[in-house]
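Residue numbers (numbering that gives the first Met the number 0): 0 to 276.
Heads up, the beta-carbon is just placed ideally off N, CA and C, and yes, glycines get one too.
Being a predicted model, the structure only gives us computed values, none of them experimental.
Structure record follows, encoded as structure tokens.
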Amino acid sequence: MSLTIDLRSNGDRPEPTSTAAGMTARKVSAWFGNHKVLDRVSLEMQAGQVTALIGPSGCGKSTFLRILNRMHELVPGAALAGSVALDGVDIYHDAPSATDTRRRVGMVFQKPNPFPAMSIADNVLAGLKLSGLRVRDREERQQIVVSSLTRAGLWNEVKNRLVSPGGSLSGGQQQRLCIARALAVQPQVLLLDEPCSALDPTSTRRVEETIAEISHQVTIVIVTHNMQQAQRVSDDCAFFLAGEGQPGYIVESGPTETLFSNPSDSRTADYVQGKFG
0 MSLTIDLRSN
10 GDRPEPTSTA
20 AGMTARKVSA
30 WFGNHKVLDR
40 VSLEMQAGQV
50 TALIGPSGCG
60 KSTFLRILNR
70 MHELVPGAAL
80 AGSVALDGVD
90 IYHDAPSATD
100 TRRRVGMVFQ
110 KPNPFPAMSI
120 ADNVLAGLKL
130 SGLRVRDREE
140 RQQIVVSSLT
150 RAGLWNEVKN
160 RLVSPGGSLS
170 GGQQQRLCIA
180 RALAVQPQVL
190 LLDEPCSALD
200 PTSTRRVEET
210 IAEISHQVTI
220 VIVTHNMQQA
230 QRVSDDCAFF
240 LAGEGQPGYI
250 VESGPTETLF
260 SNPSDSRTAD
270 YVQGKFG
């Protein structure tokens with residue numbers, strides 16, 4: 000699969016309409032074998048907003064993120080209780096399939112993972128193939144590449160080298176390419192698992208700008224250990240904690256400004272002020 004983009008008319012293409020949908024977790028518990036890692040986690044993730052999951056390492060944030068798009072069940076011995084709804088539909092009991100859920104709830108991981116030998120354009124289109132979606136013609140593929148790279152804040156940097164391999168990009172560009180690949184299938188929710196932890200400050204800023212630019216079109220849930228980043232990018236925040244040998248749970252959640260300026264639990268105050276974690 001190879002694609003040459005006509006650069007002459009890309010400015011005329013309309014912006015994609017909002018597809019954002021809310022998610023609701025109710026009393027979610029999770030296990031790996033006999034080891035319980037989450038205990039009765041409930042959280043509302045509002046449509047078209049950014050929800051940040053914060054807390055020390057090992058308290059179940061990334062596990063919770065994977066539960067939101069049914070990746071948890073791919074782990075041998077993994078188990079789950081409770082419910083997760085996307086736009087009011089239980090994704091484990093009422094959704095058409097796990098594949099459909101993973102198309103509607105995309106994910107970008109901590110380490111950028113483009114296909115290194117595949118061209119930049121084909122990396123974007125690979126998201127469609129992986130989701131089992133068919134594209135009618137070459138013009139539609141072209142529009143998807145331009146739109147996805149533009150939404151990910153990468154188009155101007157790569158528009159003249161779309162046939163270059165994805166592995167030739169910088170780390171920050173590779174992460175935005177992965178975001179573009181996820182956006183290509185028009186997800187309703189985008190999950191970001193510490194997307195900036197391996198990036199330099201300049202690349203981190205650009206990814207954060209991308210989050211701000213797309214958050215009105217797609218609901219975003221981000222795991223981050225960077226308290227300043229959580230404050231900068233999120234509308235709402237959930238603080239996870241786990242005791243020694245105990246499963247993770249949510250201490251409190253709510254508007255980010257409130258959680259950082261006037262938390263209701265002293266443990267939250269201590270964490271956001273950097274006293275532990």
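- ALA211 and GLN185 have their C-alpha atoms some 17 Å from each other.
- Its Cα nearest to that of SER56, the residue GLU193 stands out among GLU193, CYS236, VAL157.
- Taken through DSSP and simplified to helix, strand or coil, HIS71 comes out as helix.
- The DSSP assignment places complete beta strand (DSSP E) segments of no fewer than 3 residues inside the segment 164–211 at 188–192, in order along the chain.
- The beta carbon of SER169 sits closer than 8 Å to those of SER202, all from its chain and outside the five residues before and after it, given in chain order.
- Rounded to the nearest whole angstrom, the C-alpha separation of SER260 and GLN227 is 13 Å.
- Of the residues assessed, LEU73 falls on the exposed side of the cut-off, its CB having fewer than 16 other CB atoms within 10 angstroms.
- C-alpha of GLU208 to C-alpha of ARG150: approximately 10 Å in a straight line.
- Within the same chain, ARG102, VAL184 come within 8 Å of LEU132 by CB-CB distance, once the 5 residues on both sides are set aside.
- As computed with DSSP, CYS236 is found in a beta bridge with ALA51, GLY253.
- Taking C-beta atoms as the reference points, LEU153 and LEU176 count as a pair closer than 8 Å.
- Straight-line measurement puts the Cα of PRO246 at about 16 Å from the Cα of ARG266.
- Nearest in C-alpha terms to ILE178, of all of SER167, LEU191, GLY166, is LEU191.
- For VAL40, same chain residues with a beta-carbon under 7 Å away, outside a window of 5 residues either side, are ALA24, VAL27, PHE63, TYR248, ILE249 in chain order.
- Note: SER28 is bridge-paired with ALA80 in the DSSP secondary-structure output.
- DSSP places ILE119 in the uninterrupted alpha helix (DSSP H) bounded by 119–129.
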